[in-house]
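Those protein sequences? They're chains S and B, same order as listed. Take the first sequence: its position 27, counting from 1, is numbered 124 in our numbering, and each next residue is one higher. Take the second sequence: its position 258, counting from 1, is numbered 355 in our numbering, and each next residue is one higher. Yeah, the Cβ is synthetic: ideal placement off N, Cα and C, and Gly gets one too. All values reported here derive from a predicted model rather than from experimental measurement. Each remark here refers to the structure printed beneath this line.
2 protein chains.
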Amino acid sequence: MDIRELEYFVTVSELKNFTAAAHKLHISQPAISKAIHKLEEELGFQLLDRTQKKVLLTEEGVVFLSLAEDILARMAAAQNTMIEYKNLTRGTFRIAVPPLLGAYVFPQLFADFKKSYPSLEMSVIEDGSSTAVDLVQQEDVHVGLVILPPTLTDLHSHLITSQEIVVCLPTDHPLSSQPFLTFEQLKDEPIILYNEGFVLRRIILDEYAKYGLVPRVALSTNQFQTIKALVAKGVGISFLPKNSIKVVNHVTKIPLHPHLFLEMGLIWKPNKILPLACKAFIDFVNEFEYVK
Amino acid sequence: MDIRELEYFVTVSELKNFTAAAHKLHISQPAISKAIHKLEEELGFQLLDRTQKKVLLTEEGVVFLSLAEDILARMAAAQNTMIEYKNLTRGTFRIAVPPLLGAYVFPQLFADFKKSYPSLEMSVIEDGSSTAVDLVQQEDVHVGLVILPPTLTDLHSHLITSQEIVVCLPTDHPLSSQPFLTFEQLKDEPIILYNEGFVLRRIILDEYAKYGLVPRVALSTNQFQTIKALVAKGVGISFLPKNSIKVVNHVTKIPLHPHLFLEMGLIWKPNKILPLACKAFIDFVNEFEYVK
DNA sequence: CCCCGTCAATAACTTATAGTTATCATACCA
DNA sequence: TGGTATGATAACTATAAGTTATTGACGGGG
């Protein structure tokens, strides 16, 4: 019992004529005869009554017709669904995004991607930057949007944007007119950082450590807005990606010397077959010119 | 996209192993490889990830698997349904039964048939004996259980039983001790008959007419029991199939001279493909020894 | 009433494709 | 690092789906 045979049977049942069905299906009439006979042979009884001029369904044929039509409809529906996946008008994938990137890189990326692929669904796992790489490794997510570690053992990656980290000072701070600043100059300033577990905090503290310095952390938070407001009020200085702060009253941005950069990108597991939707996202990000 | 291909895909998905699937399906492993490749080629993307040791479903593969399983399940269900029809554990047919036969021939036949084929459904159209033949001709019913007309133009028929029509008299009637009776002897007796439209009434009146007689109809009814009770009470005489009356107090049955018979049988349209259930019924009736 | 046109069945043959065997490439395990 | 298990590939075979040509049967129109 074959899909083709069901198709032939349904067409003959509709047209009540073997020859007409053969034409419609672009095959010869004996092919239809043969297929119907094979079907009847398999089932053990006749489906079509060919004794009269018109082809008529037997009672069993009527029952079989409705079953066959149902199967063909589901077959067609299944094909359409898969075509949607192929056309990227349907699909899902999972992406890990740590809070920092989720805050100001991802929204833009996501919005632009959605414009190109409005039907694709993205499942965002916001599970901290440190675990994002692990999630990709364990295949719990298909891609991760992360701050790229210096060495990536066995993951593919694609750089999206390299953001400079700048010092944020109150406008009336004595150092606010310098063209650039060194960690040595900032060693005694109280600093405001992200909470423990955030990548940016780790990076800043590691930089201080490079010069043998241990800064005095005045306060830590996980709120972006809070950091900016506290800097404006003169509570302390901070370090933020240049683009994340546009124009804020009473806050001056000064580059570090030497420059400090934050590389952000996509990572995914090679040799792993990704959902088409995820491939589309990776390709999209590849061609996406992120405004620096 | 073929049913066989879906089967192969589902089996591989279950076992997560091409070779094992090939064994289970009693074919060679390359046949599986080929079929899966063909499927993937058609769909335009991979369904199975074969890069690792174990075969894994891709995200699209998971979706397709559930669709494929649904289609296969429906295919199997359709086959089972048709097997039931073949095995006569499912099926329906329509039969026309006029009231007279419906009253005392059909119940026995129906009960015995049901014993042999408990799952078959019979749709009884009780539409008067005269129209039963027409219903068969017009294919509104598959068979008719009728009083066989002397000539059947283009219908097949099978005699079930030939019942003698006997005169029913009150036991104390002056003619009740005769060995047989002629219509001449009965010409002045008030008679009790079935209502207009019943075949038996027509037959009795036609017999009277044969001898140039017009009987006096005392009363007509469509109730069997009423006729018997009225005869017992001495209201009049009647004519009934011999077997339809067993032992009734105060009623004597006397054969007619010449004997009058009622032939009952099945009729159906030749060259017309009947439901298997109906064929089973005709065959059953053919072999059924109806107690005379 | 018979002939002609229509339509399905059949036969003989061809083509397509599903399946086979043999072999290779690769990933995992010890 | 070599051995085993497993899927891919190639070349071939067998099956069955499809083709053309033809026959046979039914039904409507002259």
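Would you identify the three-state DSSP class for residue i, choosing helix, strand or coil?
i        : result
Glu223/S : coil
Tyr214/S : coil
Lys389/S : Note on Lys389/S: pLDDT 45, under 50, position unreliable in the model; the coordinate value appears next. Here Lys389/S sits in coil by DSSP.
Arg313/S : strand
Phe207/B : helix
Thr186/B : coil
Thr178/S : helix
Look at residue i and residue j and say whether their C-beta atoms are less than 8 Å apart.
i        : j        : result
Asn340/B : Ala329/B : no
Phe142/S : Glu157/S : yes
Leu185/B : Leu217/B : yes
Met98/B  : Leu245/B : no
Ala128/S : Ala119/S : yes
Lys284/S : Leu310/S : yes
Ile257/S : Met219/S : no
Ile374/S : Phe190/S : The sequence shown places Ala at residue 374/S, not Ile. Contact flag set, yes.
Ala315/S : Gly333/S : yes
Val348/B : Pro267/B : yes
Leu164/B : Leu153/B : no
His255/S : Ile342/S : no
Leu363/B : Val230/B : no
Ser130/B : Phe115/B : yes
Can you tell which of the options has the C-alpha that lies nearest to the C-alpha of residue i?
i        : options                                   : result
Pro355/S : Ile262/S, Val348/S, Leu290/S and Phe385/S : Ile262/S
Asp237/S : Ala374/S, Phe161/S, Trp365/S and Leu373/S : Trp365/S
Thr323/B : Tyr291/B, Val382/B and Ser110/B           : Tyr291/B
Ser273/S : Lys350/S, Ile379/S, Pro367/S and Leu154/S : Lys350/S
Ala173/S : Ile168/B, Gln176/B and Ala174/B           : Ile168/B
Ala175/S : Arg147/B, Val264/B and Ile100/B           : Ile100/B
Lys390/B : Glu102/B, Gln205/B, Ile334/B and Val109/B : Because chain B spans 98 through 389 in this model, residue 390/B falls outside it and cannot be assessed.
Glu181/B : Lys150/S, Tyr182/S and Phe161/S           : Phe161/S
Leu337/B : Phe115/B, Pro372/B, Leu371/B and Phe295/B : Phe295/B
Gly199/S : Leu112/S, Gln149/S, Ile222/S and Leu145/S : Ile222/S
Ser335/B : Val107/B, Thr155/B, Phe280/B and Gln205/B : Phe280/B
Phe381/B : Lys150/B, Ala132/B, Gln205/B and His123/B : Gln205/B
Gln325/B : Tyr214/B, Pro276/B, Leu302/B and Val264/B : It should be pointed out that residue 325/B corresponds to Lys in this sequence rather than to Gln. Comparing Cα positions, the closest option is Val264/B.
Leu297/B : Ser317/B, Leu112/B, Thr148/B and Leu278/B : Ser317/B
Thr155/S : Leu359/B, His134/B, Met179/B and Arg299/B : Met179/B
Leu353/S : Arg187/S, Gln282/S, His123/S and Pro196/S : Gln282/S
Glu399/B : Asn319/B, Leu232/B and Leu357/B           : What is shown of chain B runs 98 to 389, which leaves residue 399/B out entirely.
Tyr214/S : Ala132/S, Ala170/S and Lys183/S           : Lys183/S
Ile370/B : Val159/S, Phe106/S, Lys135/S and Asn383/S : Val159/S
His123/S : Glu139/S, Tyr105/S and Leu136/S           : Tyr105/S
Gln320/B : Glu139/B, His134/B and Tyr201/B           : Tyr201/B
Ile300/B : Leu197/B, Gly188/B and Ala170/B           : Leu197/B
Ala170/S : Pro287/S, Val107/S and Phe385/S           : Val107/S
Glu442/S : Leu112/S, Lys150/S, Phe210/S and Leu103/S : Only positions 98 to 389 of chain S appear in the structure, and residue 442/S is not among them; the question remains open.
Would you give the residue range spanned by the alpha helix (DSSP H) that residue i belongs to?
i        : result
Glu261/S : Element bounds for Glu261/S: not the alpha helix (DSSP H) but the beta strand (DSSP E), His253 to Pro267.
Tyr201/S : Pro196 to Tyr201
Val296/B : Val296 to Lys307
Where does the unbroken beta strand (DSSP E) through residue i begin, and where does it stop?
i        : result
Leu278/S : Leu278/S -> no beta strand (DSSP E), and no H or E assigned at all.
Leu290/B : Pro287 to Tyr291
Leu245/S : Leu245/S -> no beta strand (DSSP E), and no H or E assigned at all.
Every unbroken alpha helix (DSSP H) inside the stretch 103-156 of chain S [4 residues or more] = Counting whole runs of 4 or more residues, the stretch 103-156 of chain S contains the alpha helix (DSSP H) stretches 115-121 and 126-140.
task = Quick one: which unbroken beta strand (DSSP E) runs of 3-plus residues sit fully inside the stretch 319-377 of chain B? Chain order, please.
result = For the stretch 319-377 of chain B, whole beta strand (DSSP E) runs of length 3 or above, ordered along the chain, are 334-338 and 348-365.
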